[in-house]
Structure formats: structure tokens, C-alpha cells
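Numbering that gives the first Met the number 0 numbers the first residue of the sequence shown as 0 and each following residue consecutively. C-beta: ideal position from N, C-alpha, C; glycine also. Note that the structure is a prediction, hence the values are computed from the model and not measured.
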Amino acid sequence: MSEGTVILKLGGSVITFKHGFMEANPSSLSRLASEIHEAGREKLVLVHGGGSFGHPLAFKYKLHEGFRDYGQLEGFSRVHLAMRKLNRIVVESILAQGLKAVGIQPSSCVITRSGRIERFETTPLEKMLELGITPVLYGDVVPDLERGFSILSGDQIASYLGIRLNAEWIILGTDVDGLYTGDPKRDPEAKLLEKVTLDGLKRIIDEIGESSTLDVTKGMYGKIMELIPAIEKGVKVLIVNAKERDRVLKALRSEKVRGTLILRS
Numbered sequence: 000m001s002e003g004t005v006i007l008k009l010g011g012s013v014i015t016f017k018h019g020f021m022e023a024n025p026s027s028l029s030r031l032a033s034e035i036h037e038a039g040r041e042k043l044v045l046v047h048g049g050g051s052f053g054h055p056l057a058f059k060y061k062l063h064e065g066f067r068d069y070g071q072l073e074g075f076s077r078v079h080l081a082m083r084k085l086n087r088i089v090v091e092s093i094l095a096q097g098l099k100a101v102g103i104q105p106s107s108c109v110i111t112r113s114g115r116i117e118r119f120e121t122t123p124l125e126k127m128l129e130l131g132i133t134p135v136l137y138g139d140v141v142p143d144l145e146r147g148f149s150i151l152s153g154d155q156i157a158s159y160l161g162i163r164l165n166a167e168w169i170i171l172g173t174d175v176d177g178l179y180t181g182d183p184k185r186d187p188e189a190k191l192l193e194k195v196t197l198d199g200l201k202r203i204i205d206e207i208g209e210s211s212t213l214d215v216t217k218g219m220y221g222k223i224m225e226l227i228p229a230i231e232k233g234v235k236v237l238i239v240n241a242k243e244r245d246r247v248l249k250a251l252r253s254e255k256v257r258g259t260l261i262l263r264s
């Protein structure tokens, strides 16, 4: 990779114990923070998922359905608080490596309409990048002009910023090696797709396995659907297994790494 802007999205299943409840994975976070530091990217935006912090609460209060009753407002507050706690843990892990990072709360700078980003105030984020600071955003529950509130996934944030910042790359750090011909967690015959064009991606998208765990953002299927607008704009996407040591490091360094590369053509 050249030194263009890179958006690194770390999945919640990588940085938390997803089958627990509000349980971060400190060893994984420490390793990933070390890899980010070692890679030495100058312009990096980090986005992370909610894992066991955001998804269980969002599902409990049915926040993905939008505002329906006042009991959900407690859920709005609790999900917001839970994600701020996780964001603080992530930022502290990065700071421990000597990097400069600042958490950015999406619910205070984004508003959606029917679940899609309507406005996103990115000026502070862009200034941070100019200063050499890594902005750290996350999936959040945000105000919505039609639904009252919506769940804004980290994947939609990553795709939007990839376009808005004219990023060269979006790197998705997930809990699988990339895209397969089937769900690798269920089908032992599934084969890794090392390189896919946008046309090829659209042909196989219905075959992508959805997450087998509770996920109100639709698992891998949702990730790919969110990425398509960025890919159409020419942003290159690389999916790697962030649970495997040095995969993120190699991706950030543009070294050969096991994963799936998605290109516009």
C-alpha cells in the first residue's frame, strides 16, 4: 500500500468475547495495537464493532426496529454507555503502544434517515488525521430522522468514510480468513476466494454465510452489502482474519497476506 488513508475496521468478535456479556478480549486488543504501531501508518482511521458490548443490549431492547416505545430509551442509553466503555478500552490499548488516538462518538456527529447516514460531521476527524492522530470510531445507536433512532454499524461508518476521505484501502479485520464459496464455520468444503471483482462479488453475495451468533448488523452479509458503495467508488477492500497473529500487520504494510482482496474491476 502507498501512504494513502486507510480505514481499519476491527470486528466485535475479534476484540471481545462475543458469547459473553460486555467482556473485552485484552490479549487480542494488545496484540492488534502492537501490530498497528509496528505498521507505522501515517493516516489511519480505526473503526470497531460492538461484539458482546453492543449487540446483546441492542437486541434486548429491539433498537434495530427503531423507536416504538419509551422503554427503548433506556436501551438507547445503555447501548451508548456500553459502546463508550468498549471504545475507551480500545483507545487505551492503542495509547499503551505509544500511539496517538482519540475516541469519536458517532451519536454526536452522525444522523441517519431510515438507517442510512444522512449527515456526518467529519471536520474534526479530518483535522485529527492531519495532526497525526488516529480517530477511533465504533458502531453506535444514533438519532434517526425517520425512525427516532437507528443502529449505525461500524461497517457503514467504514464504507462512508472510505468514500468521504477518498481512502485508498478499507481493511476488514474479522474472525475468518476472508470470503468463501460457503460458510467456513459450517461447510468444510468451502474455499477461500483470494481475489474478487465487484461483478463477481455481486454474483456470489447470496451465498455468503450469515453470522451464526447474535448480530443485529447481519454478519458477513451485512458487511459486504455496506462495502459495495465504497468499492464502486474505487476503494480497495481487503478482508483478513484479525484473530491470526500478524495478519493485520501485513495488511497494513501491503505485504502478501492470506485474505480476500475486493476490487472494482
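Checklist entry - Rounded to the nearest angstrom, how far is the Cβ of Leu-62 from that of Val-140, given a contact under 8 Å? => result For this step, residue 62 is matched to residue 63 along the sequence shown. For this step, residue 140 is matched to residue 141 along the sequence shown. Between Val-140 and Leu-62 the Cβ distance is about 5 Å, and since that is below 8 Å, they are a contact.
Next on the checklist: Could you compute how far the alpha carbon of Ile-227 sits from the alpha carbon of Leu-197?
Outcome noted: Within the sequence shown, the letter at position 228 stands for residue 227. Within the sequence shown, the letter at position 198 stands for residue 197. Computed Cα separation, rounded: 8 Å.
Checklist entry - What residues are listed by DSSP as bridge partners for Leu-171? => result Locating residue 171 in the sequence shown gives position 172, counting from the first residue. The partner list for Leu-171 (beta bridge, DSSP) reads Lys-8, Ile-238.
Checklist entry - Is Asn-139 helix, strand or coil when you go by DSSP? => result Counting from 1 along the sequence shown, the entry for residue 139 is found at position 140. The sequence shown places Asp at residue 139, not Asn. Three-state DSSP puts Asp-139 in a strand.
Item to check | Ile-268: first and last residue of the uninterrupted beta strand (DSSP E) it sits in | outcome: Beyond the ends of the chain as shown, which are 0 and 264, falls residue 268; an answer cannot be given.
Checklist entry - From which residue to which residue does the beta strand (DSSP E) around Glu-117 run? => result Sequence index remark: in the sequence shown, residue 117 carries index 118 (1-based). Looking at the DSSP string, the run of the beta strand (DSSP E) that includes Glu-117 is 115-119.
Item to check | Cβ-based burial, Phe-20 [other Cβ within 10 Å; buried from 16] | outcome: The sequence position of residue 20 within the sequence shown is 21, counting from 1. Label assigned to Phe-20: exposed.
Checklist entry - For Gly-181, which three-state DSSP category applies? => result Translated into positions along the sequence shown, residue 181 becomes position 182. Residue state, collapsed to three classes: coil.
Next on the checklist: Suppose you measure from the CA of Glu-231 to the CA of Gly-131; what does that come to, to the nearest Å?
Outcome noted: The sequence position of residue 231 within the sequence shown is 232, counting from 1. The sequence position of residue 131 within the sequence shown is 132, counting from 1. Cα to Cα, Glu-231 sits roughly 28 Å from Gly-131.
Next on the checklist: Can you tell me whether Asn-24 sits near the ligand MN, meaning its C-beta is under 7 Å from at least one heavy atom of the ligand?
Outcome noted: Ligands in the displayed structure: none, and consequently the ligand MN is not present.
Checklist entry - Nearest to Leu-171 by CA position, among Arg-163, Ser-12, Arg-115, is which residue? => result What you label residue 171 is simply residue 172 of the sequence shown in a count that begins at 1. Residue Ser-12 is the option with its Cα nearest to Leu-171.
Item to check | Nearest to Ile-156 (by Cα), restricted to the options Gly-49, Val-78, Arg-246 | outcome: Translated into positions along the sequence shown, residue 156 becomes position 157. Answer by Cα proximity: Gly-49.
Checklist entry - Hey, which unbroken runs of the alpha helix (DSSP H) at 4 residues or more fall wholly within the segment 40-125? => result Every alpha helix (DSSP H) of 4 residues or more that sits fully in the segment 40-125 is shown, in chain order, as 50-59, 70-94.
Next on the checklist: Less than 8 Å between C-beta atoms, sequence neighbours within five positions excluded: which residues of the same chain meet that for Glu-118?
Outcome noted: Counting from 1 along the sequence shown, the entry for residue 118 is found at position 119. The amino acid at residue 118 is misidentified as Glu; the sequence shows Arg. Closer than 8 Å at the Cβ level, and outside the excluded window around Arg-118, lie Val-109, Ile-110.
Checklist entry - Roughly how many angstroms lie between the CA atoms of Ser-210 and Ile-162, to the nearest whole one? => result Here residue 210 corresponds to residue number 211 of the sequence shown, with the count starting at 1. Here residue 162 corresponds to residue number 163 of the sequence shown, with the count starting at 1. Any reading at Ser-210 needs caution, since the residue's pLDDT is 45, under 50, leaving its predicted position unreliable; the model's value is listed next. Cα-Cα distance, rounded: 26 Å.
Checklist entry - Can the beta-carbon of Gly-258 be found less than 8 Å from the beta-carbon of Asp-186? => result The residue you call residue 258 lines up with position 259 of the sequence shown. The residue you call residue 186 lines up with position 187 of the sequence shown. Contact: no.
Next on the checklist: Restricting to Cα atoms, I'd like to know which of Gly-65, Leu-136, Arg-77 is closest to Pro-55.
Outcome noted: What you label residue 55 is simply residue 56 of the sequence shown in a count that begins at 1. Closest option to Pro-55, Cα to Cα, is Arg-77.
Checklist entry - Between Val-90 and Leu-28, is the Cβ-Cβ spacing less than 8 Å? => result Taking the first residue of the sequence shown as 1, we reach residue 90 at position 91. Taking the first residue of the sequence shown as 1, we reach residue 28 at position 29. No, the Cβ-Cβ distance between Val-90 and Leu-28 is not below 8 Å.
Checklist entry - At which residues does the alpha helix (DSSP H) containing Leu-265 begin and terminate? => result Coverage of the chain is limited to positions 0 through 264, which leaves residue 265 absent and any answer about it impossible.
Checklist entry - Secondary structure at Leu-28, three-state DSSP: helix, strand or coil? => result What you label residue 28 is simply residue 29 of the sequence shown in a count that begins at 1. DSSP, reduced to helix, strand and coil, places Leu-28 within a helical segment of the structure shown.
Item to check | Leu-144, enclosing alpha helix (DSSP H) - first and last residue | outcome: Position 145 of the sequence shown, counting from 1, holds the residue named residue 144. Premise fails: Leu-144 is in no alpha helix (DSSP H) and is neither H nor E.
Next on the checklist: Please return the same chain residues whose Cβ sits closer than 6 Å to the Cβ of Ile-6, not counting the five positions on each side in sequence.
Outcome noted: As a working mapping, residue 6 is identified with position 7 in the sequence shown. So the list reads Val-44, Ala-157, Leu-160, Gly-161, Ala-166, Ile-169, once near-sequence residues are dropped.
Checklist entry - In or out: Leu-251 buried (at least 16 other Cβ within 10 Å) or exposed? => result Within the sequence shown, residue 251 is the residue found at index 252, counting from 1. Answer is buried; the Cβ neighbour count reaches 16.
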